[in-house]
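J.: Please see the structure below; I have some questions.
Protein chains: 2
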Amino acid sequence: MTSAFKRPTINDVAALSGVSKSTVSNVMRQSGTVSDSTRARVMEAVAQLGYRPNATARNLLLRRTNLVGVVVGDVANAFDAELVTGIERQAAGRGYTTLVCNTGGDTRLEASRIEALLEQRVDGIVLLDFTGDRAVLAQLLAERVPVVMVSCWSEYADCVAVDDVVGIDLAVRHLVELGHERIAHVVDPVMEATTRRARVEAFERALLRAGLSPRAEWTVAYDPGNAEAPILPMLRAADHPTGIVAANDYTAIRLIELLERNGLAVPHDISLVGFDGIDIAGLARIGLTTVVQPRDTLARTTLELLAARIETGYDEAPQQHRLIPSLVVRTSTALRR
Amino acid sequence: MTSAFKRPTINDVAALSGVSKSTVSNVMRQSGTVSDSTRARVMEAVAQLGYRPNATARNLLLRRTNLVGVVVGDVANAFDAELVTGIERQAAGRGYTTLVCNTGGDTRLEASRIEALLEQRVDGIVLLDFTGDRAVLAQLLAERVPVVMVSCWSEYADCVAVDDVVGIDLAVRHLVELGHERIAHVVDPVMEATTRRARVEAFERALLRAGLSPRAEWTVAYDPGNAEAPILPMLRAADHPTGIVAANDYTAIRLIELLERNGLAVPHDISLVGFDGIDIAGLARIGLTTVVQPRDTLARTTLELLAARIETGYDEAPQQHRLIPSLVVRTSTALRR
DNA sequence: ATCCGCGAGTTGATCGATATTCTTGCGCCA
DNA sequence: TGGCGCAAGAATATCGATCAACTCGCGGAT
Chain A
0 MTSAFKRPTI NDVAALSGVS KSTVSNVMRQ SGTVSDSTRA RVMEAVAQLG YRPNATARNL
60 LLRRTNLVGV VVGDVANAFD AELVTGIERQ AAGRGYTTLV CNTGGDTRLE ASRIEALLEQ
120 RVDGIVLLDF TGDRAVLAQL LAERVPVVMV SCWSEYADCV AVDDVVGIDL AVRHLVELGH
180 ERIAHVVDPV MEATTRRARV EAFERALLRA GLSPRAEWTV AYDPGNAEAP ILPMLRAADH
240 PTGIVAANDY TAIRLIELLE RNGLAVPHDI SLVGFDGIDI AGLARIGLTT VVQPRDTLAR
300 TTLELLAARI ETGYDEAPQQ HRLIPSLVVR TSTALRR
Chain B
0 MTSAFKRPTI NDVAALSGVS KSTVSNVMRQ SGTVSDSTRA RVMEAVAQLG YRPNATARNL
60 LLRRTNLVGV VVGDVANAFD AELVTGIERQ AAGRGYTTLV CNTGGDTRLE ASRIEALLEQ
120 RVDGIVLLDF TGDRAVLAQL LAERVPVVMV SCWSEYADCV AVDDVVGIDL AVRHLVELGH
180 ERIAHVVDPV MEATTRRARV EAFERALLRA GLSPRAEWTV AYDPGNAEAP ILPMLRAADH
240 PTGIVAANDY TAIRLIELLE RNGLAVPHDI SLVGFDGIDI AGLARIGLTT VVQPRDTLAR
300 TTLELLAARI ETGYDEAPQQ HRLIPSLVVR TSTALRR
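Going line by line, the protein sequences match chains A and B.
When you number the first sequence by numbering that gives the first Met the number 0, it's gap-free, plus one each residue, and the end is 336.
When you number the second sequence by numbering that gives the first Met the number 0, it's gap-free, plus one each residue, and the end is 336.
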């Protein structure tokens, strides 16, 4: 900057108001004992100069930045985007500013972005839907960086996630109650692995509990970007499923497209249940019946855990929170014909 | 933190490798002249200790943080969310990390979040859809903080926005070509004021250009959250509009809901054109004809301007960029019956 | 008269890096 | 042999805050 505007420092304020910088510091932080008259003089100098304390200098000395990093894999997924917003609000409410990093699932990028966060000395990191290398997590934990994992799982770190077993069970039972017996599970290939596995297992157990037998070929991935091949045989068969549980709303909504392009109406031919409860699922034109994650609670719990970890360090054992989802019935599910 | 993990500093590396910290610094920054053998010794010490330079200390000395703040008013609006993602990617590509602040249109919050960004000494700020107090902007400019405004306008700052006149004209001409003569404009009440005004004016002029006369009562706000009252009389009238231009896709999609709840089918009874080109507008079930903003160009231009302003300061006059949108025709518009 | 305590404020060390200036040793040339 | 130049690295000031330790003056108790 050539026409640089030299920001006033604490020394400038001290000089102008005729006190020492300690006194200015005390006034700014409302600590120590400062007489009213001195305080007024300092405040006036502050206003006159437009002084704003330099967080960089404070951060260096206090070894604390009030910054938290949020690393999110798949922002295309609206649920993550909505959750990040909630986390940002919670963080702001606790005096933290968030550094958001989208990695788009690129592992290399992920490592370098996290590296940048650590150089900035963030107080903690939220790993949202962390798809990446487990070694990265191990390293963070080894360095005692406060970390909270959201919608993903590790026994060594603080975790918050929805209860997949309960959620999938809600979905399956809903379909069963509507009379469906041929039920498939459509998975999102870019979904975080531990969550995907949990939901796949939960699905099979839920079927068994309902007296139905899972078919291996009816747990299938659908990637709207790529070829539609893997899922089509299942849909085109004469005895195609009449009910589908989708791994998440993003997949479910794309699946509606695919089904209807292939002459299968939702819910007339196939009932569809999503998972997440993103905003647009509630649009009348979409009307997705879905397992709703308690988004605000998720965000709040995340910041409670992170703040606790920042305060107390790693003395206490990792905390794991499973939140209970709920089913919202809309128009994508109907009685089996 | 009680079980604190003391991060290694440049001094620790210097001690371990038996050199001065200047040399370590030179090795880390690949500057100065360091012999290969010394370099190797230092690198080994770095690896052994897990040393990572402290950006806080560097920032303090260099008066540069490589942080940019992004202040966004209305993240409920998917377009903003998608644009923030693009900006984040562009920033990361240029070595900046972004601090994202959602203000939700709360002016008080906005000022305090910007204050926090300035305390963190961000290198620059992106104001996206800045709804807030013009005094805040004036202050930023007075303090010579590099600022770029996106999707909003000020003659004193660098601005990037879509060309509202061209966009609205595309929408109106499309409806006119389909035979519509009774065309309304539905505005988003939380939309940033300069953009709203620009679109309202553009709408009226586009009508005139098409030989139609604007009706004042047909430029009306719709807030899905509040009462639906203000817009219903227009829709219930016998000579209700047969074409609607919505201020943005968010409003358009909520408007579909409202129309269909009131027995007006889209596009059968009313054709609807949106503005923005958010992802879900392309879903078959939505099929919104819309004026698409060049999202990536918008994000790229934003960071080009911001980077330039950070480098060169305020020697050069503000730059204003108007980007040309395009129309994507889908199924929400049809020939007038 | 002496001492204590306290309010009000100052001094100075410190955080962890960068960058400028300074030192040292060595080879080379006149 | 003396002096010069340069490569390699060391010393040190600096950024802008915080905080513990210290000073100073004054009023009241003994």
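Cβ coordinates follow ideal geometry from the N, Cα and C atoms, glycine included.
Here the structure is a predicted model, which is why all the values come from computation and not from measurement.
#1: Pull out every residue of the region 109-128 of chain B whose Cβ sits closer than 8 angstroms to any Cβ of chain A, in chain order.
#2: How many whole angstroms separate the CB atoms of residue 66 of chain A and residue 122 of chain A, which I take to be in contact at a CB cut-off of 8 angstroms?
#3: Tell me which same chain residues have a C-beta within less than 7 angstroms of the C-beta of residue 318 of chain A, skipping the five on either side of it?
#4: Tell me whether the region 237-245 of chain A and the region 263-281 of chain A touch, counting them as touching only if at least three CB pairs, one residue from each stretch, are closer than 8 angstroms.
#5: With a cut-off of 8 angstroms on the beta carbons, I'd call residue 187 of chain B and residue 101 of chain B a contact; round off their distance for me.
#6: Quick one: does residue 283 of chain A have its CB under 7 angstroms from some CB of chain B?
#7: Less than 8 angstroms between the CB atoms is what I'm expecting for residue 144 of chain A and residue 159 of chain A, so what's the real figure, rounded?
#8: For the alpha helix (DSSP H) holding residue 92 of chain B, just list the boundary residues, first then last.
#9: Anyone know if the C-beta pair for residue 146 of chain A and residue 124 of chain A falls short of 7 angstroms?
#10: Inspect the beta-carbon positions of residue 69 of chain A and residue 96 of chain A and report whether they are closer than 7 angstroms.
#11: Nearest to residue 60 of chain A by CA position, among B:63, B:55, B:61, B:62, is which residue?
#12: On the criterion of 16 or more Cβ atoms from any shown chain inside 10 Å, does residue 262 of chain B qualify as buried, or is it exposed?
#13: For residue 127 of chain A, which of helix, strand or coil comes out of DSSP?
#14: What does a CB cutoff of less than 7 angstroms around residue 177 of chain B pick up in its chain, not counting 5 residues either side in sequence?
#15: Less than 7 angstroms between the beta carbons of residue 301 of chain A and residue 329 of chain A, yes or no?
#16: Under a CB-based cut-off of 7 angstroms, is residue 51 of chain A close to chain B?
#17: Mind checking the region 245-279 of chain A against chain B and listing, in chain order, the residues whose C-beta falls within less than 7 angstroms of any C-beta there?
#18: Alpha carbon to alpha carbon, how far is residue 135 of chain A from residue 114 of chain A? Give it in angstroms, no decimals.
#19: Please list the partners that residue 4 of chain A has in chain B, where partner means a Cβ-to-Cβ separation under 8 angstroms.
#20: When you compare the CB of residue 99 of chain A with every CB in chain B, is at least one pair closer than 7 angstroms?
#21: Could you spell out where the alpha helix (DSSP H) holding residue 10 of chain A opens and where it closes?
#22: Between the alpha carbons of residue 166 of chain B and residue 323 of chain B, how many angstroms are there, rounded?
#23: If you reduce the DSSP assignment to three classes, tell me which class residue 248 of chain B lands in.
#24: Of all the residues that make up the region 79-100 of chain B, which are near chain A by a beta-carbon distance shorter than 9 angstroms?
#25: Does the Cβ-Cβ distance between residue 86 of chain A and residue 298 of chain A come in under 7 angstroms?
#26: At what residues does the beta strand (DSSP E) containing residue 112 of chain B begin and finish?
#27: Are residue 9 of chain B and residue 23 of chain B touching if we call contact CB-CB under 7 angstroms?
#28: Would the region 307-317 of chain A count as touching the region 206-215 of chain A if we require 3 or more Cβ pairs under 8 angstroms?
#29: Buried or exposed for residue 314 of chain B, going by 16 or more other Cβ atoms inside 10 Å?
#30: Excluding the five sequence neighbours on either side, which residues of its own chain have a C-beta within less than 8 angstroms of the C-beta of residue 249 of chain A, listed in chain order?
#31: From this set, B:222, B:141, B:255, B:184, which residue's C-alpha is nearest residue 4 of chain A's C-alpha?
#32: Residues of chain A with CB under 7 angstroms from residue 59 of chain B, in chain order?
#33: Answer with yes or no whether the minimum CB distance from residue 189 of chain A to chain B is below 7 angstroms.
#34: Does residue 74 of chain A come within less than 7 angstroms of chain B when only Cβ atoms are used?
#35: Could you say which of B:58, B:83, B:252 lies nearest to residue 296 of chain B if we only look at CA atoms?
#36: Quick check on residue 19 of chain A: buried or exposed, where buried means 16 or more other Cβ atoms within 10 Å of its Cβ?
T.: Based on what the coordinates show:
#1: Against chain A - using a Cβ distance shorter than 8 angstroms - the residues of the region 109-128 of chain B are 112, 114, 115, 116, 117, 118, 119, 120.
#2: Contact between residue 66 of chain A and residue 122 of chain A holds, since their C-beta atoms are separated by about 6 angstroms, short of 8 angstroms.
#3: 157, 304.
#4: The region 237-245 of chain A is in contact with the region 263-281 of chain A.
#5: At roughly 17 angstroms, the Cβ-Cβ gap does not stay under 8 angstroms, so residue 187 of chain B and residue 101 of chain B are not in contact.
#6: Taking Cβ atoms only, chain B reaches closer than 7 angstroms to residue 283 of chain A, which makes this a yes.
#7: With 8 angstroms as the limit, residue 144 of chain A and residue 159 of chain A do not qualify as a contact, their Cβ atoms being about 17 angstroms apart.
#8: Looking at the DSSP string, the run of the alpha helix (DSSP H) that includes residue 92 of chain B is 77-92.
#9: Yes, Cβ-Cβ distance for residue 146 of chain A and residue 124 of chain A is below 7 angstroms.
#10: At the C-beta level, residue 69 of chain A and residue 96 of chain A stay beyond 7 angstroms of one another.
#11: When B:63, B:55, B:61, B:62 are compared, the shortest CA-CA separation from residue 60 of chain A is found for B:55.
#12: Classification of residue 262 of chain B: exposed, given that the 10 Å Cβ count is below 16.
#13: Strand.
#14: Taken in chain order, the residues that qualify are 270, 332, 333, 334, 335.
#15: Against a cut-off of 7 angstroms, the Cβ pair of residue 329 of chain A and residue 301 of chain A comes out as no contact.
#16: It does; some Cβ of chain B falls within 7 angstroms.
#17: Those would be 252, 255, 256, 259, 279, in chain order.
#18: Going from the Cα of residue 114 of chain A to the Cα of residue 135 of chain A covers about 10 angstroms.
#19: Taking a Cβ-Cβ cut-off of 8 angstroms, the neighbours of residue 4 of chain A in chain B comprise 142, 143, given in sequence order.
#20: Yes, residue 99 of chain A lies at the interface with chain B (some Cβ there is under 7 angstroms from its Cβ).
#21: Annotation for residue 10 of chain A: the continuous alpha helix (DSSP H) segment containing it runs 9-16.
#22: One C-alpha to the other measures close to 8 angstroms.
#23: Looking at residue 248 of chain B - three-state DSSP - the assignment turns out to be helix.
#24: Result list: 80, 81, 83, 84, 87, 88, 91, 94, 96, 97, 98, 99, 100.
#25: Against a cut-off of 7 angstroms, the Cβ pair of residue 298 of chain A and residue 86 of chain A comes out as a contact.
#26: Taken as a continuous stretch (DSSP letters only), residue 112 of chain B belongs to no beta strand (DSSP E), being part of the alpha helix (DSSP H) at 106-118.
#27: The answer is yes: Cβ separation under 7 angstroms.
#28: No, the region 307-317 of chain A does not touch the region 206-215 of chain A.
#29: Under this definition residue 314 of chain B is an exposed residue.
#30: These residues qualify, in order along the chain: 75, 76, 77, 78, 187, 275, 277.
#31: Selected option, being the one with the closest Cα: B:141.
#32: Going along chain A in sequence order, the residues near residue 59 of chain B (Cβ under 7 angstroms) are 55, 56, 59.
#33: Judged by the 7 angstroms Cβ criterion, residue 189 of chain A is not in contact with chain B.
#34: The beta carbon of residue 74 of chain A falls within 7 angstroms of a beta carbon belonging to chain B, placing the residue at that interface.
#35: Cα-wise, what sits closest to residue 296 of chain B is B:83.
#36: Per the 10 Å Cβ criterion, exposed.
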